[in-house]
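This report refers to the structure that appears directly beneath it.
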Amino acid sequence: MAKLPILHFPDPRLRTKAKPVNTVDDSIRQLIKDMFETMYDAPGIGLAATQVNHHIRLVVMDITEDKSQPLVFINPKVTPLTEDKAPYEEGCLSVPTVYDMVDRPTRVRVEALNELGEAFSLEADGLLAVCIQHELDHLDGKLFVDYLSSLKRQRIKSKLQKLQKQQA
Ligand code: K2U
Ligand code: ZN
Numbered sequence: 258m259a260k261l262p263i264l265h266f267p268d269p270r271l272r273t274k275a276k277p278v279n280t281v282d283d284s285i286r287q288l289i290k291d292m293f294e295t296m297y298d299a300p301g302i303g304l305a306a307t308q309v310n311h312h313i314r315l316v317v318m319d320i321t322e323d324k325s326q327p328l329v330f331i332n333p334k335v336t337p338l339t340e341d342k343a344p345y346e347e348g349c350l351s352v353p354t355v356y357d358m359v360d361r362p363t364r365v366r367v368e369a370l371n372e373l374g375e376a377f378s379l380e381a382d383g384l385l386a387v388c389i390q391h392e393l394d395h396l397d398g399k400l401f402v403d404y405l406s407s408l409k410r411q412r413i414k415s416k417l418q419k420l421q422k423q424q425a
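Residues in the sequence shown are numbered from 258 upward in steps of one, following the working numbering.
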């Protein structure tokens, strides 16, 4: 297993549109293991392959306190199940130290392949629904800061570029 480096905003590679996974093989399963190790270590409750510079349609998730419910979504498709939206204070491992409110549909259906390449679907609400939508945005090169005002996004960009310079 290996911890993978996480790309940080405003790295342009975070804007890459991920490609579908054609074959769910052992190399994909090794990446899944590495992504879970990286996510749990961060710590986070979700991680998209885009964030670790692998531009394929794969996300991992575990919203439990005791790391007891790991979820893998390969080539996921999300469908809102309601027009109702609710705000949630989101953060992102690719946008460290920044948290802000984002409105998203409160219930979704997600259809995907699991780590064996088997098709499944699930319906989600609450934090799982938020996390699914947040991660699937990553696969399309979208970040939660894109839902904020351009002024807020510019201030975040300047703050993180200053932080990155100090850490270099
Ligand atoms: O960077 C990521 O994609 C992981 C995200 C997943 C997430 C974002 C917003 C809302 C829910 C999940 C987080 O950084 S993981 C850290 C975290 C943990 C609990 C609640 C919110 C954020
Ligand atoms: Zn994120």
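We treat Cβ as the ideally placed atom computed from N, Cα and C, and that holds for glycine.
Compute every distance between the C-beta of Leu-429 and the non-hydrogen atoms of the ligand ZN, then say whether any falls below 7 Å. Outside the shown range of the chain (258 to 425) lies residue 429, about which nothing can therefore be said.
Taking all protein chains shown into account, do 16 or more other C-beta atoms lie within 10 angstroms of the C-beta of Leu-420, making it buried, or fewer, making it exposed? Counted from its first residue, the sequence shown places residue 420 at position 163. Flag for Leu-420 reads exposed.
Bridge partners for Val-359 per DSSP, in chain order? Counting from 1 along the sequence shown, the entry for residue 359 is found at position 102. Tyr-345.
Does Ala-425 pass the burial test, meaning 16 or more other C-beta atoms within 10 Å, or should it be called exposed? For the purposes of this step, residue 425 is identified with residue 168 of the sequence shown, where counting begins at 1. Exposed.
Buried or exposed for Pro-267, please, with buried defined as at least 16 other CB atoms from any protein chain shown within 10 angstroms of its CB. Locating residue 267 in the sequence shown gives position 10, where the first residue counts as 1. Pro-267 comes out buried.
So for Pro-337, helix, strand or coil by DSSP? As a position in the sequence shown, residue 337 is number 80, starting the count at 1. Here Pro-337 sits in strand by DSSP.
Closer than 7 Å: is that where the CB of His-391 sits relative to any heavy atom of the ligand ZN? As a working note, residue 391 is residue 134 in the sequence shown. True, at least one ligand heavy atom lies under 7 Å from that Cβ.
Chain-order list of residues whose beta-carbon lies under 6 Å from that of Ile-358 (same chain, five-residue window excluded): Against the sequence shown, residue 358 aligns to sequence position 101. Reading off the sequence shown, one finds Met at residue 358, where the question assumed Ile. Pro-344 and Glu-346, listed in sequence order.
Between Thr-363, Glu-380 and Gln-418, which lies nearest to Ser-351 when the distance is taken from Cα to Cα? Taking the first residue of the sequence shown as 1, we reach residue 351 at position 94. Per the Cα distances, Gln-418.
Using the DSSP secondary-structure output, state which residues sit across from Ser-415 in a beta bridge. The residue labelled residue 415 in the question sits at position 158 within the sequence shown. Paired residue(s): none; Ser-415 is not in a bridge.
Going by DSSP, name the residue or residues bridged to Phe-330. To locate residue 330, count along the sequence shown from 1; it is residue 73. The partner list for Phe-330 (beta bridge, DSSP) reads Val-316.
Look at Arg-270 and Leu-264 and say whether their C-beta atoms are less than 8 Å apart. Working through the sequence shown from its first residue, we reach residue 270 at position 13. Working through the sequence shown from its first residue, we reach residue 264 at position 7. Their beta carbons are under 8 Å apart, which means Arg-270 touches Leu-264 by this criterion.
Is the beta carbon of Ile-289 closer than 8 Å to that of Leu-220? Given a span of 258 to 425 for the chain in the structure shown, any question on residue 220 remains unanswerable.
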